[in-house]
Amino acid sequence: MIRFIEADGTPHPVEAAVGQSLKQAALDHLVPGIIGDCGGCASCGTCHAYIDDKHLPLLAPADENEEMILEGVPASRTSNSRLTCQIPVTADMAGMEVHIPDTQF
Ligand code: FES
1 MIRFIEADGT PHPVEAAVGQ SLKQAALDHL VPGIIGDCGG CASCGTCHAY
51 IDDKHLPLLA PADENEEMIL EGVPASRTSN SRLTCQIPVT ADMAGMEVHI
101 PDTQF
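Numbered according to full-length UniProt numbering, the sequence shown spans residues 1 to 105.
So, in C-alpha cells, the structure goes:
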C-alpha cells in the first residue's frame, strides 16, 4: 500500500503493482494531482511529488534528465522531489507516502 497525499492532506491509499511506475499507479486509482501530461517520458514535470524521508533512500537517484525537469517544476523543488513516472514500484515501498504539490491541483 502506497499513500498518495494531496496538498490539503487528503490521503489516497493505493495498491500499486510491482514494476509499474508510481505515476501509473496514481493514474490507475484516479489520484488527483498526478497529471502526467507527457505519458511518462520525463519531459513535462506534471507528475512531480515529494517522497517521504524514510523511503527516499530506497530509490535509485534521479538521472540527469529528471534533474533537469525537476529544476523547472512550478512547485518548490526539495531534496525529496521526484518525478513519479521515473520511479518503478518495488515491494519495499509498502507504507511509502507520496505528497503531491499544491501547484498540481
Ligand atoms: Fe511527464 Fe512524469 S509524466 S514528467
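Cβ atoms here follow ideal geometry from the backbone N, Cα and C, with glycine treated the same way.
- Between the alpha carbons of P11 and E64 lies a gap of roughly 31 Å.
- Judged by pairs of C-beta atoms under 8 Å, the region 71-86 touches the region 49-61, as three or more such pairs exist.
- Looking at the backbone, the Cα of I2 and that of H99 are separated by about 11 Å.
- Around V73, the same chain offers G45, H48, S81, P101, T103 as residues with beta carbons nearer than 8 Å, after the five sequence neighbours per side are excluded.
- Placement of the Cβ of D102 at a distance of 7 Å or more from every heavy atom of the ligand FES is found.
- As for any alpha helix (DSSP H) of minimum length 4 sitting wholly inside the region 47-78, the runs are 64-71, ordered along the chain.
- Taking the CA atoms as reference points, G33 sits about 15 Å from S76.
- In the DSSP secondary-structure assignment, E97 is bridged to R3.
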